[in-house]
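The numbering used here puts the first residue of the sequence shown at 19, with every later residue one more than the last.
A virtual CB, placed ideally from N, CA and C, is assigned to each residue, including glycine.
From a predicted model like this one, the values you see are computed outputs, not experimental measurements.
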Amino acid sequence: MKHIARIKRTTLAIGMALLLSIVTTPSVSAAELQLSNVPLFTELKVEPNVVVSLDDSGSMRRCFILDEAIGKGVVEEELGMTANAVNALAYNPNIAYLVPVDGNGVTLGIPPFTDAWEDGYNKGDKKKNLQSKFEP
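Written out as structure tokens, the structure reads:
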């Protein structure tokens with residue numbers, strides 16, 4: 019009998035605890051979901067992230083790029099600065115160089131070697147005779 023009374027008390031205590039938790043729990047209401055009509059990235063106000071870097075070091079004045087494995091003496095004495103074997107900017111006969119085009123895709127033509135444009139896209143007054151005035 020004591021055992022049955024204990025089960026009844028335990029059941030009653032559990033029931034009262036459940037009833038009390040239901041009564042004291044605040045009601046939770048969900049807000050209506052608001053979806054955007056435009057892509058989220060267009061609404062963000064993010065400042066532009068632009069870096070402008072200007073290189074005015076001595077290397078920008080040179081007309082060559084050397085291979086680190088080749089010494090300066092070899093370049094100057096044996097091969098010269100116009101050899102494509104050591105200077106990546108030198109003319110390489112194994113490469114098919116494309117003639118530049120303007121903004122409309124029309125070719126600018128090939129300038130004569132003795133009357134080349136200093137600016138490869140501007141046929142203006144600045145021209146150079148590469149046969150007599152080429153400076154590596």
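Legend entry - Distance between Glu65 and Leu58 (C-alpha atoms, nearest Å): Mapped onto the sequence shown, residue 58 falls at position 40. Mapped onto the sequence shown, residue 65 falls at position 47. Taking the straight line from one Cα to the other gives about 16 Å.
Legend entry - Cβ contact check for the stretch 98-109 and the stretch 121-135: 3 or more pairs under 8 Å: no
Legend entry - Where the alpha helix (DSSP H) through Ser150 begins and ends: One-based indexing of the sequence shown puts residue 150 at position 132. Residues 148-151.
Legend entry - Between the CA atoms of Asp137 and Val148 - distance to the nearest angstrom: Counted from its first residue, the sequence shown places residue 148 at position 130. Counted from its first residue, the sequence shown places residue 137 at position 119. Before going further, note that residue 148 is Leu rather than Val in the sequence given. Roughly 13 Å separates the two Cα atoms.
Inset, instruction - Report buried or exposed for Asn55, applying the criterion of at least 16 other Cβ atoms within 10 angstroms of its Cβ. - result: Start at 1 with the first residue of the sequence shown, and residue 55 comes out as number 37. Its Cβ having fewer than 16 others within 10 Å, Asn55 is exposed.
Legend entry - Cβ neighbour criterion (16 or more within 10 Å) applied to Val104: On the sequence shown, residue 104 is found 86 positions in, with the first residue counted as 1. Buried, because 16 or more other Cβ atoms sit within 10 Å of the Cβ of Val104.
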